[in-house]
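In the numbering used here, the protein residues as written are 661 to 847.
Quick reminder that beta carbons are idealized off the backbone N, C-alpha and C, glycines included.
Just below is one structure, and these are the notes that go with it.
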Amino acid sequence: MADFFDALSDKHVAFIAKQPVFFVATAAADGRINLSPKGYDSFRVLGPNRVAYLDLGGSGNETHAHLVADGRITIMFNNFENPALIMRLYGTGIPVLPQDDGWDDLSAHFDILPGTRQIFDITIDNIQTSCGWGVPQMELKAERETLVKYHRQADPEKWIEKTSDRVRSIDGLPTRPTDRYFGGENS
Numbered sequence: 661m662a663d664f665f666d667a668l669s670d671k672h673v674a675f676i677a678k679q680p681v682f683f684v685a686t687a688a689a690d691g692r693i694n695l696s697p698k699g700y701d702s703f704r705v706l707g708p709n710r711v712a713y714l715d716l717g718g719s720g721n722e723t724h725a726h727l728v729a730d731g732r733i734t735i736m737f738n739n740f741e742n743p744a745l746i747m748r749l750y751g752t753g754i755p756v757l758p759q760d761d762g763w764d765d766l767s768a769h770f771d772i773l774p775g776t777r778q779i780f781d782i783t784i785d786n787i788q789t790s791c792g793w794g795v796p797q798m799e800l801k802a803e804r805e806t807l808v809k810y811h812r813q814a815d816p817e818k819w820i821e822k823t824s825d826r827v828r829s830i831d832g833l834p835t836r837p838t839d840r841y842f843g844g845e846n847s
């Protein structure tokens, strides 16, 4: 029922492009396992073994902390329509912040959304597909605009001040805050 691949094929890339949500899982040696759903137009395939996703500020920064501590990451896509299919991308990743070398090249692949704090650059080691027959069929009603709206309306100085204090994950692992605010259309 499961098939493994060394690189993304055109068929895999087409499947990824159709999915409105994906899930990110990371872990460090100590602490919690982090599992987060992601939406918006925030995922890019950059090559057969390289992907990236745009990360917006939210309730924590666990993925950043775990990638710095351990590097391992799993991305999961699930087709909630037909045909049933689950795809997992196993690899390693790094956070790239606006102040980092490489930001300009990497960010050119995205429309930067309000609240953007980093892009995760991921090297894929292995791809697994499986049936997904136990997952329900569902239809997408709409994207939630709440997070982008929240960041768009934020006061830039207060946003930077608030995020600059976030230098630890929930489990106390170190993180680096972004050095800039991406808010409204003039940012």
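Beta-carbon proximity check, I779 vs W763, cutoff 9 Å | On the sequence shown, position 119 is the one that residue 779 refers to. On the sequence shown, position 103 is the one that residue 763 refers to. A contact, by the Cβ cut-off of 9 Å.
Nearest to L706 by CA position, among I676, L716, T734, D730, is which residue?
-> Along the sequence shown, one-based indexing puts residue 706 at 46. The option with the nearest alpha carbon to L706 is I676.
For the beta strand (DSSP E) holding T776, just list the boundary residues, first then last.
-> Taking the sequence shown and counting its residues from 1, one reaches residue 776 at position 116. Taken as a continuous stretch (DSSP letters only), the beta strand (DSSP E) holding T776 covers 776–790.
Helix, strand or coil for L668 per DSSP?
-> Along the sequence shown, one-based indexing puts residue 668 at 8. The answer is coil: DSSP assigns L668 none of H, G, I, E or B.
Name, in chain order, the residues that DSSP records as bridge partners for A768.
-> For this step, residue 768 is matched to residue 108 along the sequence shown. Answer is none; A768 lacks a bridge partner.
Following the continuous beta strand (DSSP E) through R704, name the residue where it begins and the one where it ends.
-> Residue 704 sits at position 44 when you count from the first residue of the sequence shown. Where R704 is concerned, the enclosing beta strand (DSSP E) stretches over 703–707.
With a threshold of 16 other CB atoms inside 10 Å of the CB of A674, please say whether the residue is buried or exposed.
-> Here residue 674 refers to the residue found at position 14 of the sequence shown. Exposed: under 16 other Cβ atoms inside 10 Å.
Of all the options G794, A667, D771, N694, which has the alpha carbon lying nearest to the alpha carbon of N742?
-> Residue 742 sits at position 82 when you count from the first residue of the sequence shown. Of the listed residues, the one whose Cα sits closest to N742 is G794.
Under the three-state DSSP convention, the category K698 falls into = Numbered from its first residue, the sequence shown carries residue 698 at position 38. Three-state DSSP puts K698 in a strand.
Own chain partners of W819 with C-beta closer than 6 Å, once the 5 adjacent residues on each side are dropped | If you number the sequence shown from 1, residue 819 lands on position 159. Excluding positions up to five away in sequence, the list reads Y841.
How big is the Cα-Cα spacing for A850 and G720?
-> Limits of the chain in this structure are 661 at one end and 847 at the other, which puts residue 850 out of reach.
Counting only the same chain and skipping the five closest in sequence on each side, list residues whose C-beta sits under 8 Å from that of S702.
-> The residue given as residue 702 occupies position 42 in the sequence shown. Y713, L714, D715, L716, F770, L773, listed in sequence order.
Integer-rounded CB distance, given that S696 should sit under 8 Å from T723 = On the sequence shown, position 63 is the one that residue 723 refers to. On the sequence shown, position 36 is the one that residue 696 refers to. With 8 Å as the limit, T723 and S696 qualify as a contact, their Cβ atoms being about 7 Å apart.
From what residue to what residue does the beta strand (DSSP E) around V684 run?
-> For the purposes of this step, residue 684 is identified with residue 24 of the sequence shown, where counting begins at 1. Looking at the DSSP string, the run of the beta strand (DSSP E) that includes V684 is 682–687.
As assigned by DSSP and simplified to three states, the class of A725 = The residue you call residue 725 lines up with position 65 of the sequence shown. Looking at A725 - three-state DSSP - the assignment turns out to be helix.
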